[in-house]
Amino acid sequence: MPLYPFYCKKCDKTFEVFLRPSETHQEMTCPDCQGNNVERLSDKEESDLTPGVCGVKKDT
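If you read the sequence shown in our numbering, its first letter stands for residue 87, the second for the next number, and so on.
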């Protein structure tokens, strides 16, 4: 299962969740504040979080 990054607008935290591709549209709850104002980060934001080769940040 892929790991998807999410952002909680209530507590301003980012968290990751393992989901099947068919589950990515379900409503998420923040594990820190239990808030439901959560959005999945876009591919651009997701790639910024992913380290490059040998832990070196990818050039954008």
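Where a beta carbon is used, it is the ideal one built from N, C-alpha and C, also for glycine.
- With fewer than 16 neighbouring CB atoms inside 10 Å of its own CB, F104 falls in the exposed class.
- K99: member of the beta strand (DSSP E) spanning 99–104, first to last residue.
- By the criterion of a C-beta distance shorter than 6 angstroms, L89 is surrounded in its chain by E102, F104, once the five residues flanking it on both sides are discounted.
- Counting along the chain, the unbroken beta strand (DSSP E) around L89 starts and ends at 89–94.
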